[in-house]
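Residue numbers (the numbering used here): 11 to 418.
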Amino acid sequence: MKDVVAKLLPEAERFLCELIRFESTPGREHEAMLFAEKEFRKIGGVAVERVMMSEAIKKDPDYSTPVEGIKYDGRFNLRVIRKGTGGGKKLLMNAHMDVVPASEGHVDAFNPQVRDGVVFGRGACDDKGQVATAYLLFKMLEAAGVKTAGDIVAHIVNEEENGGNGSLAMARTGEIADGCVVLESSDGKLYTSIRGAVWFKIIFHGKAGHSGQAGQTKSALLMARDAIAILEKYHAELLKASRGNPLFDPYPNPMPITFGKLVAGNWPASAPSRAQMEGVLGLLPNTTKEQVMDGMKRALSADASLAGNFELTFMYRHDSSVVDPKHELPQAVLAAAKRSGVALEVSAMTASCDAWFYNNQLKIPTVVYGPGTLKVAHSKDEQIAMKEIQTAVEVLGAFVVDFCGVAK
11 MKDVVAKLLP EAERFLCELI RFESTPGREH EAMLFAEKEF RKIGGVAVER VMMSEAIKKD
71 PDYSTPVEGI KYDGRFNLRV IRKGTGGGKK LLMNAHMDVV PASEGHVDAF NPQVRDGVVF
131 GRGACDDKGQ VATAYLLFKM LEAAGVKTAG DIVAHIVNEE ENGGNGSLAM ARTGEIADGC
191 VVLESSDGKL YTSIRGAVWF KIIFHGKAGH SGQAGQTKSA LLMARDAIAI LEKYHAELLK
251 ASRGNPLFDP YPNPMPITFG KLVAGNWPAS APSRAQMEGV LGLLPNTTKE QVMDGMKRAL
311 SADASLAGNF ELTFMYRHDS SVVDPKHELP QAVLAAAKRS GVALEVSAMT ASCDAWFYNN
371 QLKIPTVVYG PGTLKVAHSK DEQIAMKEIQ TAVEVLGAFV VDFCGVAK
């Protein structure tokens, strides 16, 4: 299979570069989905289904809302199917089509560049390089004449970056499988534990007034400042209580708190009556998203100047996803990597992704694996080496044969 993968690699590079040209930020993936649908349909032995989305998803309790104004009617995810002959395990894969907007200083983010076998551009590693990995895997299996007993299904989804609404829609179809691999850049590791996260918005209500009216005003901006200190203290306590997990402990801060936006005021000499702050807080498997959300509210409410003067809402809520490293799914991936001559180690993912929809909600054992590194994701230097995609497909090809079984 290695020779076949190498031969098809230029085709995967073409596919990836074409995908990068689509500015498929959340809510704008439609044209990229149409292109991927057309390309996957060309692969022999593969069927492609549209899984339609609708405005009804906004009523789902797990719907995420950090991006306003997104519409769903007429949009779709893709379900790419390679049927097995029967009797084997069914494997599910997931990759997302959406990307974050171009970073500051990222010139021609959607004009892919290839230099020395490395593809540069928005989405190269997060996550269009992973869509290209699935594409190359399906092409390789057909070209190599590999027939599996179990089905192989890939979900190509919308809106991972703003909370996983595409995977949420796929989870609500009730897909059944024996294992799932979420394709994300994994830095040469196999992630069996993936942290969760909550994205939050806090609106502070103060009392506006002139800078000369000290004691008669209550600055909402200073309330936000105080809230940052309170939440940083809460995060430190949460991190301390989360220690003792051998996969996460090597990281100094595997569940950071980030304050990404703060808007307040319209005049330098006036105390603002309103401030709005947004951020994200990670969480590890020892806590649930509900516990963390409740803890944040209690910490803020305990401050006399903040109590009753803020509105805390959550735009994105993911629990952690955990599979025992000894489970047959990660063990099969590790064995396939070893046979392919690839050094692969089990680790924990210190970012959040869509794994929890499959692992926690559909009860499908789920791991995260894929080419590239998240160190350059969402940056002006986003890139992926085609050699890493080649290696990942060699590993996944060997894994598929073992996990799904060879047709008899």
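Heads up, the beta-carbon is just placed ideally off N, CA and C, and yes, glycines get one too.
Judged by DSSP in its simplified three-state form, Met265 adopts coil rather than helix or strand. Per DSSP, the unbroken alpha helix (DSSP H) holding Val14 starts and ends at 12-30. With contacts defined as CB atoms closer than 7 Å, Lys99 and Ala417 fail to qualify as a contacting pair. In the pairwise beta carbon analysis, the region 399-408 is classified as touching the region 137-144: at least three pairs are separated by under 8 Å. If the five residues before and after Gly219 are omitted, its C-beta is found closer than 6 Å to the C-beta atoms of Gln226, Thr227, Ala281, all from its own chain and listed in chain order.
With a contact defined as Cβ atoms closer than 8 Å, Gly292 and Met265 qualify at about 3 Å. The DSSP-derived three-state label of Thr401 is helix. The beta-bridge partner set that DSSP reports for Trp209 consists of Val290, Tyr326. By a beta-carbon distance limit of 8 Å, Tyr379 contacts Val191. Their separation comes to about 6 Å. Counting only runs of 3 or more residues that sit fully inside the region 309-395, the beta strand (DSSP E) segments are 320-328, 355-359, 376-378, 393-395, in chain order.
As the crow flies, the alpha-carbon of Ser203 is around 23 Å from that of Ile162. Taking each of Ala347, Tyr73, Gly155 in turn and checking the Cα distance to Arg182, the smallest one comes out for Tyr73.
Taken through DSSP and simplified to helix, strand or coil, Met62 comes out as strand. For Val141, the enclosing alpha helix (DSSP H) stretches over residues 138-153. Non-local beta-carbon contacts of Glu288 in its own chain, meaning distances under 6 Å to residues more than five positions away in sequence, involve Lys211, Gly270, Lys271 in chain order. For Glu170 against Cys363, the beta-carbon gap comes to about 7 Å, under 8 Å, which counts as contact. With contacts defined as CB atoms closer than 7 Å, Ser283 and Ala230 qualify as a contacting pair. Taken in chain order, the whole beta strand (DSSP E) runs of length 3 or more contained in the region 173-235 are 189-192, 199-204, 206-215.
Scanning its chain for C-beta atoms nearer than 7 Å, with the 5 sequence neighbours on each side dropped, one finds around Met150 the residues Met11, Val14, Val15, Leu18, Val403, Gly407, in chain order.
In the three-state DSSP reduction, Ala159 falls in the coil class, being neither helix nor strand. Inter-residue distance for Ser113 and Asn121 is about 14 Å (C-alpha atoms, whole angstroms). For Met107, there is no enclosing alpha helix (DSSP H), since its DSSP letter is neither H nor E. In this chain, Arg51 is not harboured by any beta strand (DSSP E); it is covered by the alpha helix (DSSP H) spanning 40-51. Buried is the label assigned to Gln393, since at least 16 other Cβ atoms lie within 10 Å of its Cβ. Its chain contains Ile91 as the residues whose beta carbon lies nearer than 6 Å to that of Ala57, once the 5 sequence neighbours on both sides are disregarded; these appear in chain order. Setting aside the 5 residues that flank it on each side, Tyr368 is surrounded in the same chain by Cys190, Ile374, Thr376, each with a C-beta closer than 6 Å to its C-beta; the list follows chain order. Taking His245 as the centre and dropping the five residues before and after it, the same chain places the C-beta of Ile267, Leu291 closer than 7 Å to its C-beta, in chain order. Each of Ser389, Leu354, Gly206, Gly222 was checked against the Cα of Gln301, and the nearest Cα belongs to Gly206.
Pairwise C-beta distances place the region 338-345 out of contact with the region 301-314, as fewer than three of them are shorter than 8 Å.
In this structure, DSSP gives Phe413 a helical state, which the three-state scheme calls helix. The beta carbons of Met63 and Ala179 sit closer together than 7 Å.
Partner residues in the beta bridge of Ala281, as assigned by DSSP, are Gly219. The beta-carbon distance between Leu193 and Asp137, rounded to whole angstroms, is 7 Å. This is short enough to meet the 8 Å contact definition. Rounded to the nearest angstrom, the gap between the Cα atoms of Asp391 and Val405 is 26 Å.
When Phe409, Leu88, Gly222, Gly184 are compared, the shortest CA-CA separation from Leu372 is found for Gly184.
Between Lys69 and Ala224, the alpha-carbon positions lie close to 45 Å from each other.
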